[in-house]
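First comes the structure, then the notes that go with it.
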Amino acid sequence: MTQAKAGDTVRIHYTGTLNNGDVFDSSEGRDPLEFAVGSGQIIPGLDKAIPGMVVGDKKTVQVPCDEAYGQVNPEARQAVPRADIPDEIPTEPGTQLQMQAPNGQAIPVTIVEANETEIVLDANHPLAGQDLTFAIEMVEITA
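Residue numbering for the sequence shown follows my numbering, starting at 10 and increasing by one per position.
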């Protein structure tokens, strides 16, 4: 049987859960996730679990936050004056918005605090600081 190795294109089914068991993402009901092993297309901790798997293999992988979306970076939070936010933009905590970096790149942010004078935006990935668990199944390997 062919074992997956760096450079191979693979297709996997997966379910990602948090430490409390909550599912944050799954390929259930969708096409399998396709990516090239070792290409950086998926988080490092999951990518390094793929080599050696063969079609039909199933495994559960523990991925520490440093090999997933990283630690929470306090510098990725920014307070902006409420007056700088247009009235038609919702400002409730949990609302996801997009900002534009000086280079034109879109940056997703989440409102984490809001009061009468300022809004605190967080550009950390929503899963930053979280250890993750993935149940994966190898569906296909193409060299």
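For glycine and all other residues, C-beta sits at the position ideal for the given N, C-alpha and C.
Name the one or two DSSP bridge partners that residue i has.
| i | result |
| --- | --- |
| R91 | BP columns for R91 are empty, so no partner. |
| R86 | D131 |
| D96 | DSSP, once it has assigned bridges, lists no residue as partnering D96. |
Determine the extent of the beta strand (DSSP E) in which residue i is found, giving its start and end residues.
| i | result |
| --- | --- |
| G54 | First-last for G54: P53 to D56, but that is the alpha helix (DSSP H), not the beta strand (DSSP E). |
| I145 | L141 to T151 |
| G25 | T18 to T26 |
| A123 | A115 to A123 |
| Q71 | K67 to V72 |
| L106 | Q105 to Q109 |
For residue i, count neighbouring C-beta atoms within 10 Å of its own C-beta (all shown protein chains included) and say buried if the count is 16 or more, exposed if not.
| i | result |
| --- | --- |
| L130 | buried |
| I120 | buried |
| D56 | buried |
| M10 | exposed |
| A115 | exposed |
| V1 | With the chain covering only 10 through 152, there is no way to say anything about residue 1. |
| A13 | buried |
| A58 | buried |
| G54 | buried |
| Q139 | buried |
| A152 | exposed |
| V118 | buried |
| N112 | exposed |
I'd like the list of long-range same chain contacts for residue i, defined as Cβ closer than 6 Å, with 5 residues on each side in sequence excluded.
| i | result |
| --- | --- |
| Q87 | L130 |
| H26 | In the sequence on display, residue 26 carries Thr and not His. Excluding sequence neighbours, T26 sits near V32 and T142. |
| E76 | P53 and G54 |
If I measure Cβ to Cβ from residue i and keep anything under 8 Å in the same chain, skipping five residues before and after, which residues do I get?
| i | result |
| --- | --- |
| Q109 | A115 and I116 |
| R91 | T100, A123, N124, E125, T126, E127 and I128 |
Counting Cβ pairs closer than 8 Å, one from the stretch 43 to 52 and one from the stretch 102 to 113, do we hit at least three?
no
Measuring CB atoms only, is the stretch 62 to 71 touching the stretch 133 to 149, in the sense that at least three cross pairs come out at less than 8 Å?
yes
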